[in-house]
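Everything below concerns the one structure shown next.
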Amino acid sequence: MASLRFFQDVTLSPRKAEDLTQEDYWINSAYMGGLVWVKPYEGITTELDFNEFYLKILAYGGASWPVRAGEFKTIMHNLNYYNLKYGIYQAFIKGQPANQKCIKGFRFNSAGYYTHYDLKLAIELDLHIELSSESPNALIYDKAYLMSGYNSFYQWASYLTKIKQEGRQAGKVAKHMLVSLWGRLYSDG
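What follows is the structure, given as structure tokens:
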């Protein structure tokens with residue numbers, strides 16, 4: 001709760017999001033977890049671990065985060081890289097190798113819900129996208145209701161990261177606050 005309160009005190013985001021119950025199914029259906037891709041290899045390897053990488057993603061100025069509810073729409077035209085609006089789409093993607101959940105850089109969703117980022121990547125990989133004929137087939141977030149990651153999360157993340165790096169008890173508390181905000185923002189309460 002302290003992490004959420006501190007976040008609300010330092011962010012430019014609205015105090016409380018609108019009720020997202022209608023969007024919950026779409027958001028959860030589009031979530032597929034992290035992308036995992038491996039290639040058989042024998043030899044010396046290197047492990048990469050980026051400290052606080054999720055914070056960098058959250059606070060990235062080029063990332064946008066919705067601050068209001070999206071609008072359900074039915075899209076009839078073909079999608080291309082440049083006409084994709086920020087949102088979640090119900091689509092079928094062809095080009096998936098048999099018995100594979102993902103190809104290098106892309107993960108297929110058996111439920112058929114993809115973010116605009118997923119679809120842009122599918123287009124770059126030359127995969128065929130077919131929008132669902134169901135109505136609605138898109139959940140679109142208006143540009144006016146998107147806030148940059150920098151404006152939403154940067155001040156909060158940089159302040160707590162600085163305290164965390166100082167160590168001691170305050171550092172432990174700051175670390176807990178950094179990891180607990182996501183759970184609090186994602187929860188229903």
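Each residue of the sequence shown is one higher than the one before, starting from 1 at the first, in UniProt numbering.
We put the beta carbon where it would ideally sit given N, CA and C, even for glycine.
1. Please report how far the alpha carbon of Tyr86 lies from the alpha carbon of Thr115, in whole angstroms.
2. For Leu178, write down the residues that DSSP places opposite it in a beta bridge.
3. Quickly, what does DSSP pair Gly87 with across the bridge? List them, please.
4. Look at Gly61 and Ser148 and say whether their C-beta atoms are less than 7 Å apart.
5. With a CB to CB cut of under 6 Å and the five nearest residues on each side skipped, what residues in its chain are close to Tyr141?
6. Find the nearest neighbour of Ile57 within the set Tyr150, Met32 and Tyr81, judged by alpha-carbon distance.
7. Which first and last residues belong to the alpha helix (DSSP H) in which His116 is found?
8. Find the nearest neighbour of Ile144 within the set Asp126, Arg68 and Asp118, judged by alpha-carbon distance.
9. If Ala157 and Ala63 are in contact, beta carbons under 8 Å, what's the gap, nearest whole angstrom?
10. In the DSSP output, what is Tyr113 paired with across the bridge?
11. Round the Cβ separation of residue 190 and Phe106 to the nearest angstrom and send it over; I've been treating them as touching at under 8 Å.
12. Using a threshold of 7 Å, state whether the C-beta atoms of residue 197 and Leu139 are closer than that.
13. Please look up how many angstroms separate the CB atoms of Leu131 and Ala91, rounded, as I've assumed it's under 8 Å.
14. Please state whether the Cβ-Cβ distance between Ser135 and Thr74 is less than 7 Å.
15. At the level of alpha carbons, what is the spacing between Tyr154 and Glu166?
16. Expressed to the nearest angstrom, what Euclidean distance is found between the alpha-carbon atoms of Tyr117 and Asn80?
17. Work out the CA separation of Leu178 and Leu160 for me, nearest whole Å.
Here's the rundown:
1. 8 Å
2. According to DSSP, which records beta bridges pairwise, Leu178 is partnered with nothing at all.
3. Ile140
4. yes
5. Pro66, Gly70, Tyr86 and Gly87
6. Tyr150
7. His116 to Glu124
8. Position check: residue 144 holds Ala in this sequence, whereas Ile was assumed. The option with the nearest alpha carbon to Ala144 is Arg68.
9. Not confirmed; about 13 Å, so no contact.
10. Gln90
11. Here the chain comprises residues numbered 1 to 189, so residue 190 is not present and cannot be evaluated.
12. Only positions 1 to 189 of the chain appear in the structure, and residue 197 is not among them; the question remains open.
13. 5 Å
14. yes
15. 19 Å
16. 12 Å
17. 7 Å
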